[in-house]
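*Asks:* In case it helps, mature numbering (1 follows the signal peptide of the UniProt record, and there is no 0) puts the sequence shown at residues -17 to -1, 1 to 336. Where is the CB? At the ideal position from N, CA and C, for every residue including glycine.
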Amino acid sequence: MLRKVIFSFLLSCVLLANPQPLWGKPSITATNAVLIEAESGKILYNKDAFQPKPPASTTKILTALLALELTNAEDIVTVSENAASTGEASIHLIAGEKLTVEQLTKGAMIKSGNDAAVALAEHVAGNVELFSLLMNQKARLLGASHSNFVNPNGLPDERHLSTAYDLAVIAKYALSKKMFADVVDEKHETIPFNGQGKRYLRNTNQLLWKYAGANGVKTGTTRAAGSCLVASAKRNNLQLVSVVLKSGDRYGDSIRLLDYGFENFAVQYIPKHTVWGQVSIVDNEGTKTIPAKTAKPLVLVYPSSQSNLVERRLELDRTASPFDQYLQVGKLSLYIDKEKKASVPLMISLPAS
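#1: What's the C-alpha gap between residue 140 and residue 133?
#2: By the three-class DSSP mapping on this structure, what secondary structure does residue 278 have?
#3: Please report the residue range of the alpha helix (DSSP H) in which residue 294 lies.
#4: Please report how far the alpha carbon of residue 182 lies from the alpha carbon of residue 176, in whole angstroms.
#5: Would you decide whether residue 245 is buried or exposed? Buried here means 16 or more other CB atoms lie within 10 Å of its CB.
#6: Taking the alpha-carbon positions, what's the residue 328 to residue 19 distance?
#7: Can at least three beta-carbon pairs, one atom from the stretch 80 to 91 and one from the stretch 58 to 66, be found at a separation below 8 Å?
#8: Out of curiosity, what's the CA-to-CA distance linking residue 256 and residue 216?
#9: Is the beta carbon of residue 122 closer than 8 Å to that of residue 213?
#10: Determine the DSSP secondary structure at residue 43, reduced to helix, strand or coil.
#11: Does DSSP put residue 14 in a helix, in a strand, or in coil?
#12: Skipping 5 residues on each side, what residues in its chain have a beta carbon closer than 7 Å to that of residue 32?
#13: Do you know how far the Cα of residue 314 is from the Cα of residue 321?
#14: From residue 285 to residue 42, what does the alpha carbon distance come to, in whole angstroms?
#15: Between the alpha carbons of residue 192 and residue 174, how many angstroms are there, rounded?
#16: Do residue 237 and residue 209 have their C-beta atoms closer together than 8 Å?
#17: On the criterion of 16 or more Cβ atoms from any shown chain inside 10 Å, does residue 222 qualify as buried, or is it exposed?
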């Protein structure tokens, strides 16, 4: 069937807000730190972010992520003697009691229960050693390549190391999972206590109370690791993740990093399958109008001082064959000061012949 493709896009150039003054980079007490934008992963601040350090309980971000990805949230877990006897911070699990994966995840992430983390690890992999292999495998897949995890809770072990950047990468991915994001954004929660009452969980992450837009993620403290915090916050569609390790003021450091990000950077984010114009297909049956959609997300992080220089442009491809079911008809591109910074294909799905 002969088809003729007629491009009928609405071309638009969008100028954004007025430029803002840039702040200087923050001075922080942490020995290691990083700030990233959560959609693109772009590093906005780096202080020895690739140096391996003890991560303490920030480890539990990866533990919770694996538990939620590899099991059903409603799975029933029977707490082992080994899990119940895990020391330091705990939610006082009792050997033999039964809780769901979701409830144990809340215990590990909100109250920082080391015992809950072990119970999750044993449920997923049978034992802590095998679970640690899964942790390291997942970390590598996510691009967290300078970490070595040997337990699910971050209790001291000289072999158990991560970096500020790796923890940010893991948290970035975990926050894209709705159940995980919902859990770490909770200030308070209750879960059953051995079927006879309730455990009250108060989030150890005080940033949820201290900082507008804060929505996660996990504290950590040991003698070796010092005071640590993986934090996240969202304002004006800009989602940031900060990490501070061995900090003298983990909340102050995190606030300074997040403030720096929000005051100095902006983001253009266009989701996958966003309709951006339309294409008319003319054949012997008449004219059909088909939406042109972005083939993948388009993300550009840039200094907010350049906001008035940002524009969106449609770039049409008039040489593409109209006989494929899926046809690239052009690109949507983002420019700063007339220089292309990012682009995404625009696709249409042709009706069957």
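*Replies:* Let me spell this out:
#1: Position 157 of the sequence shown holds residue 140. Position 150 of the sequence shown holds residue 133. Looking at the two C-alpha atoms, the distance is approximately 8 Å.
#2: Here the question's residue 278 lines up with position 295 in the sequence shown. Three-state DSSP puts residue 278 in coil, outside helix and strand.
#3: In the sequence shown, counting from the first residue as 1, residue 294 sits at position 311. Here residue 294 belongs to no alpha helix (DSSP H); instead the beta strand (DSSP E) covers 293 to 299.
#4: One-based indexing of the sequence shown puts residue 182 at position 199. One-based indexing of the sequence shown puts residue 176 at position 193. Going by the C-alpha atoms only, they are around 5 Å apart.
#5: In the sequence shown, counting from the first residue as 1, residue 245 sits at position 262. Classified as buried, residue 245 has 16 or more neighbouring CB atoms from the shown chains inside 10 Å of its CB.
#6: For the purposes of this step, residue 328 is identified with residue 345 of the sequence shown, where counting begins at 1. For the purposes of this step, residue 19 is identified with residue 36 of the sequence shown, where counting begins at 1. Approximately 25 Å, taken between the alpha carbons.
#7: yes
#8: Looking up residue 256 in the sequence shown gives position 273. Looking up residue 216 in the sequence shown gives position 233. About 26 Å.
#9: Numbered from 1 along the sequence shown, position 230 holds the residue referred to as residue 213. Numbered from 1 along the sequence shown, position 139 holds the residue referred to as residue 122. Not closer than 8 Å, so no.
#10: Translated into positions along the sequence shown, residue 43 becomes position 60. Looking at residue 43 - three-state DSSP - the assignment turns out to be helix.
#11: Your numbering for residue 14 matches position 31 in the sequence shown. In this structure, residue 14 counts as coil in the three-state DSSP scheme.
#12: The residue labelled residue 32 in the question sits at position 49 within the sequence shown. Within the same chain, residue 32 has close Cβ partners 15, 16, 17, 146, 147 and 148.
#13: Indexing the sequence shown from 1 puts residue 321 at position 338. Indexing the sequence shown from 1 puts residue 314 at position 331. Each residue's Cα considered, the two are about 16 Å apart.
#14: Walking along the sequence shown from the start, residue 285 turns up at place 302. Walking along the sequence shown from the start, residue 42 turns up at place 59. The alpha-carbon atoms of residue 285 and residue 42 are separated by roughly 31 Å.
#15: Sequence index remark: in the sequence shown, residue 192 carries index 209 (1-based). Sequence index remark: in the sequence shown, residue 174 carries index 191 (1-based). Spanning the two alpha carbons is a distance of roughly 21 Å.
#16: Residue numbering aside, residue 237 sits at position 254 when the sequence shown is read from its first letter. Residue numbering aside, residue 209 sits at position 226 when the sequence shown is read from its first letter. Their beta carbons are not under 8 Å apart, which means residue 237 does not touch residue 209 by this criterion.
#17: Locating residue 222 in the sequence shown gives position 239, where the first residue counts as 1. The residue in question, residue 222, is buried, as its Cβ has 16 or more Cβ neighbours within 10 Å.
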